[in-house]
Structures are given as C-alpha cells and as structure tokens.
Amino acid sequence: MTLTQQERTATGTEDDLCASVDRPHPRPAGQDRYSISEVAAHTGLSVHTLRWYERIGLMQHIDRSHTGQRRYTNQDLEWLAFVGKLRLTGMAVADMVRYADLVRQGDHTYPQRRALLVATRAEVTRRMAELHSTLAVLDFKIDMYTTTGEHSA
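Just so we're aligned, residue 1 is where the sequence shown starts under UniProt numbering, counting upward by one.
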C-alpha cells in the first residue's frame, strides 16, 4: 500500500505519536523483506490474522517471492502498527477496511478519512469519560474499604 505523507506520519514513518518506538524495524529499508512468520513474531498478530487482513482488504496485496511466499516490508509493518492503534480505539473492522480503501483511492479522500477518524476519536473520548467515571467509583470503594474497614456494597 503506498502511503501518502499523512499516512506516513500516522503510521510511524515520521517521528510522531503513532510511531512504534518500542518496536523498531528489524531491518533497514532495502533489506526489509519479511516472511509472514517474522511479521507475526514482530507484531504479535497471528499468521491467520495477517492472511485475513489481506483477504478482507485491510492490507494491500502483499508482494510474493518467486516461490509464492509473502514478503512484507517496513512500510507494511508501519501500516500494521497503525491498524493496531485503530483496533485499540475500538474502531469496527469494517471502518478500518473502509479507511484502507480510502487510502488506496488517493489524496482526494482526505475529507472522508478525516471524518472517519474524527468520529472514532469522539467515541474514544466518550469511552474514556465513561472509564474515568467507573474508575472514580472503584477508587471510592477501595478508599472506603481501606480507611473504614466497612464491608457494605
């Protein structure tokens, strides 16, 4: 998948918050041909999941060796890191596939991509507020049991 400057930034090719600093590229550019098992080990995704991502269009068609084995690149690893971030937001797989399709269509889809990310951000913000509220209740109960020793519900 050819990434635009926006996706390179969003997927970690540029120094930004989406970069997988904890998981640097195993090989330098030009020497970055990874087997599916190497990608699975690097990303923590299963081989089955990687194949499924390709089948549903979440990833572009992956290059193949002369023997038919998939050969992933650093750019593919960056895309997978970004997809991992999207998964953590709770974005639906269908929306992730839609986003990937918009990327493939080109720069003229920036408004649609932005709208999809804005909607996802709003949902993440809502869920975070809900979790903060839940955390406050837990902290209250923990404090109550710690300071008073009471055992009420």
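Here a beta-carbon is modelled for each residue, glycine too, at the ideal position from N, C-alpha and C.
Do the CB positions of residue i and residue j come within less than 8 Å of each other?
i           : j       : result
Arg-64      : Ser-35  : no
Arg-98      : Leu-116 : yes
Arg-113     : Leu-102 : yes
Tyr-72      : Val-47  : no
residue 161 : Gln-75  : A query on residue 161 cannot be resolved here, the shown segment of the chain reaching from 1 to 153 and no further.
Thr-120     : Leu-80  : no
Ala-100     : Leu-58  : yes
Val-124     : Thr-89  : yes
I need the DSSP call for residue i, collapsed to helix, strand or coil.
i       : result
Arg-71  : coil
Arg-27  : coil
Arg-127 : helix
Arg-113 : helix
Arg-55  : helix
Arg-87  : helix
Arg-121 : helix
Note the first and the last residue of the continuous alpha helix (DSSP H) segment covering residue i.
i      : result
Ile-36 : 36–43
Ala-94 : 93–105
In its own chain, which residues sit with a C-beta less than 6 Å from the C-beta of residue i, not counting the 5 before and 5 after it?
i       : result
Pro-28  : none
Asp-15  : In this prediction, Asp-15 has a pLDDT of 40, which is less than 50 and means its spatial position is unreliable; what the coordinates show is noted afterwards. For Asp-15, where only same-chain residues beyond five positions count, there are no Cβ hits under 6 Å.
Asp-32  : Thr-73 and Asn-74
Leu-138 : none
Leaving aside the five residues before and after residue i along the sequence, list all residues of the same chain whose C-beta is less than 7 Å from its C-beta, in chain order.
i       : result
Val-21  : Caution applies to Val-21, whose pLDDT of 44 falls short of 50 and renders its modelled position unreliable; the model cannot decide the point.
Thr-109 : Leu-102
Should residue i be listed as close to the ligand ZN, given that the test is whether its C-beta is under 7 Å from any heavy atom?
i       : result
Gln-112 : This structure lacks the ligand ZN; in fact it carries no ligand of any kind.
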